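Chains as they are written, first to last, in the numbering used here: chain A, 350 to 778; chain B, 609 to 954.
Just below is one structure, and these are the notes that go with it.
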């Protein structure tokens, strides 16, 4: 049975239509997949930014304070011990009472004082300790409002709820409105969020401590895992003989890359803390643990990049009389560098987002003072996010999202640095 | 260039090890480990202490009560924690473990009370529960109504099945996992008393305690009780999304979210600040902090931190811990605790 040319033509045209349809379908699948992916990312970003953007503005109250010796319970401003124990909250309350003299009695006075953050007293103490001659003088200062007032201004507290179901009473809301009308209360840029460490008071809580902790930890991780990873990759690709031992090493490296991160945390606890006696909660130990985690990733990516350099380059270098080390360091490595950097950045990005291994070495902790070195106790950004998400105070919700924004910004900066470096190393042949 | 970098890291690493060792030998801040329930309170004291005093802010880790005692009892020396937060009193086994590690003189600070609430969404009516109802709703095995001596697998599907006065809603409770101190307290304060409504089970407690615990502490695993993880905020969000469910967590989370959720009445008492403080609300537990006496002369600021913790402005009736949701000790008990702590930590 033979087909004529016309038959074949009909057959092909029929199948052609089917094949075109299949291709169109496939394209639609692809577009839908891309669209769904983008939609998820947009949804994620818009919820995070929508919830977190308000944390960058914060309610501030401007008050005329009087460093009144009687209210402070302080006669002598030269004695540091007395300065530390003086009654600063009374000064803040008096400043508010000057505006609202009707707030008589303990309960009303406490309710009024609750409009201002407790940081106001700490700030007065700092100012008076720095300059004891302020005693008795008056000054106009801007303080943080309490987190509840801040949430009220931002619409986080529903005024229509019954009084006992919201954290501010009717009277307090009336005071807030009066202060707003006088221009003494309003939202302003939240400098503290980027310049302070953690706090249990939402209005004072900042990410600087966690940001510095992440930075110190990643510096250690990079310093250790990048040179070691690249050296290992070069040795395994260019120098090591092919035998059972190197095969074993290769299998192990591939397996290590898939080990759950908590295991590295346990290793860090057993080795660095218990055997070497290094301090708990230090970025140094965090960096060591995370470099164990990133090392396999960097080695695998670097080996792939080195393998992708054409053999002709190696042969040419050797043919011109270069030694093997010269061949590697002058020719192979510069050409492999973009791939090596990509692997490094993937490893570092993973390290930046880890919390599980840090739990074991004590970096999931409440730390107020931002670290000033590699051995100071510190926490990192993802841990800070976790801790805030777990806090009962409602005002921490926006701070959690804002901290995620800071973490994403950190990641983008890191990636951008890698892109710039990569384009400088990029070479064509 | 690469060789230099490798060489550098080989040189730098031991130098850093050395730096670490020297940092270790002179710790100038207090470290606290332990319960995530006490964490919000100890951190508040730590921050106040750091901001107003001349010492560094203590470092507070959230490791859970059991994990905290493990670290605390590890030994004496700057590499071990100075204090531990606990959402229950120290157990005999932990006292023994501490003694083995050389930690003998421990100062106990009872800081206040925490209520455990069974909360529901504001879109539903308040439930009036008895501890017996909660036991029947949540236990894995319950006494057979036909023959109470006999245990059967929990047959109850709705609250009405448990108690005819309750609504005919499906039983759905979100609560803490077994690793949590809140779960331990819930078992002790709700499940066991509920279980003891049957006299033969009550009698079992003295005869065969392990059988008693097996009967009373086993929570059903057929989906009516959902382990919601340690994050109490998550439970609150789930209650808002699913108004038919109930959630079990600490009082401070209820207080912060009164616009969305409310606490169920237990034995006719609503969980409020006053009812927990007066002891009327039956489901409350004391919270503790333990401090190593041997460290007080070594770690700068530790004695002062303990003093700050028991001071009137922190633990007192109108102290800043009360603002954070801690139920303060009654004035008489507070004075006793304070006197005992101050005399012991001299």
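Even glycine gets a Cβ: it sits at the ideal position worked out from N, Cα and C.
Only a predicted model underlies this, so the values are computations on that prediction, with no experimental measurement involved.
Suppose you measure from the CA of residue 737(A) to the CA of residue 403(A); what does that come to, to the nearest Å?
Going by the C-alpha atoms only, they are around 16 angstroms apart.
Where does the unbroken beta strand (DSSP E) through residue 722(B) begin, and where does it stop?
Its beta strand (DSSP E) spans residues 714-729.
Would you mind reading off the limits of the beta strand (DSSP E) that contains residue 665(B)?
Here residue 665(B) belongs to no beta strand (DSSP E), and DSSP marks it neither H nor E.
Using a Cβ-Cβ distance under 9 angstroms, would residue 514(A) count as near chain B?
So yes, residue 514(A) belongs to the interface.
How many Å lie between residue 537(A) and residue 737(B) at the Cα?
Using only the alpha carbons, I get a separation of about 47 angstroms.
Could you tell me whether the Cβ of residue 875(B) comes closer than 9 angstroms to any Cβ of chain E?
Among the chains of the structure shown, chain E does not appear; the protein chains present are A and B.
According to the neighbour-count rule (16 or more other Cβ atoms, all chains shown, within 10 Å of its Cβ), is residue 720(A) buried or exposed?
It is buried - the Cβ of residue 720(A) has at least 16 other Cβ atoms within 10 Å.
Under 9 angstroms between C-beta atoms, does residue 934(B) make it to chain A?
By this cut-off, residue 934(B) is not an interface position.
Against chain A, with Cβ distances strictly below 9 angstroms, would residue 778(B) count as a contact?
Chain A contact via Cβ: absent.
If you follow the beta strand (DSSP E) that residue 775(A) is in, where does it begin and where does it stop?
Looking at the DSSP string, residue 775(A) is not in any beta strand (DSSP E), and its letter there is neither H nor E.
Go ahead and pull the three-state DSSP assignment for residue 407(A).
Residue state, collapsed to three classes: strand.
Listed in chain order, which residues of the region 661-673 of chain B have Cβ atoms closer than 9 angstroms to some Cβ of chain A?
Answer in chain order: 661, 662, 664, 665, 666, 667, 668, 669, 670 and 671.
Give the straight-line distance between the Cα atoms of residue 916(B) and residue 439(A), rounded to the nearest whole angstrom.
The straight-line gap from Cα to Cα measures roughly 20 angstroms.
Starting from the beta carbon of residue 401(A), find every residue of chain B whose beta carbon is closer than 9 angstroms, and list them in chain order.
Per Cβ cutoff of 9 angstroms: no residues; residue 401(A) is ~16 angstroms from chain B at best.
Please confirm whether residue 741(B) and residue 770(B) have their CB atoms less than 9 angstroms apart.
A contact, by the Cβ cut-off of 9 angstroms.
Helix, strand or coil for residue 632(B), going by three-state DSSP, please let me know.
Low confidence applies here, because residue 632(B) scores a pLDDT of 48, under 50, leaving its location unreliable; read the following figure in that light. Helix at residue 632(B).
Can you give, in chain order, each stretch of the alpha helix (DSSP H) that sits fully within the region 531-563 of chain A and has at least 4 residues?
540-544, all fully within the region 531-563 of chain A.
Under 7 angstroms Cβ to Cβ from residue 754(A), same chain only, skipping five residues before and after it: list those, please.
Around residue 754(A): 397, 398 and 401.
If you draw a straight line from the alpha carbon of residue 316(A) to that of residue 410(A), how long is it in whole angstroms?
Not covered by the structure: residue 316(A). The range shown for chain A is 350 to 778.
Is it buried or exposed, residue 455(A), if we count other Cβ atoms within 10 angstroms and call 16 or more buried?
Exposed is the call here.
So, under 8 angstroms CB-CB, residue 652(B) and residue 929(B) are touching, yes? Tell me the CB distance rounded to an integer number of Å.
Residue 652(B) to residue 929(B), Cβ: 6 angstroms. Contact.
Any Cβ of chain A within less than 9 angstroms of the Cβ of residue 840(B)?
Closer than 9 angstroms: yes.
Since residue 762(B) meets chain A, which of its residues come closer than 7 angstroms, beta carbon to beta carbon?
Per Cβ cutoff of 7 angstroms: no residues; residue 762(B) is ~31 angstroms from chain A at best.
Rounded to whole angstroms, what's the CA-CA distance from residue 472(A) to residue 715(B)? Just pull it up for me.
The straight-line gap from Cα to Cα measures roughly 34 angstroms.
How about residue 667(B) and residue 638(B): do their beta carbons lie closer than 9 angstroms?
Yes, Cβ-Cβ distance for residue 667(B) and residue 638(B) is below 9 angstroms.
Give, in chain order, every residue of the region 443-463 of chain A whose Cβ lies closer than 7 angstroms to some Cβ of chain B.
Per Cβ criterion, the list is empty.
What does the alpha-carbon distance come out to for the pair residue 610(B) and residue 771(A)?
Any reading at residue 610(B) needs caution, since the residue's pLDDT is 47, under 50, leaving its predicted position unreliable; the model's value is listed next. Distance between the alpha carbons of residue 610(B) and residue 771(A) is about 17 angstroms.
With DSSP run on the structure shown, which of helix, strand or coil describes residue 488(A)?
Residue 488(A): strand per DSSP, three-state reduction.
So, at 7 angstroms on beta carbons, what are the nonlocal neighbours of residue 709(B) in its own chain, with the 5 sequence-adjacent residues on each side left out?
Result list for residue 709(B): 681, 682 and 683, in chain order.
Suppose contacts are defined by Cβ-Cβ distances below 9 angstroms. Is residue 811(B) in contact with residue 745(B) by that definition?
For residue 811(B) and residue 745(B), no; Cβs fall outside 9 angstroms.
Buried or exposed, going by whether 16 or more other CB atoms sit within 10 Å of the CB of residue 734(B)?
With fewer than 16 other Cβ atoms within 10 Å, it is exposed.
From what residue to what residue does the beta strand (DSSP E) around residue 613(A) run?
Element bounds for residue 613(A): not the beta strand (DSSP E) but the alpha helix (DSSP H), 610-617.
Quick one: is residue 622(A) near chain B, going by C-beta distance under 9 angstroms?
So yes, residue 622(A) belongs to the interface.
Residues of chain A with CB under 7 angstroms from residue 860(B), in chain order?
Those within 7 angstroms of residue 860(B) in chain A are 741.
Tell me the rounded alpha-carbon separation between residue 621(B) and residue 715(A).
For residue 621(B), the predicted model reports a pLDDT of 49, less than 50, meaning its position is unreliable; a value from the coordinates is still stated below. If you take the alpha carbons of residue 621(B) and residue 715(A), they lie about 28 angstroms apart.
Rounding to the nearest angstrom, what Cα-Cα distance links residue 888(B) and residue 385(A) in this structure?
Their Cα atoms are separated by approximately 54 angstroms.
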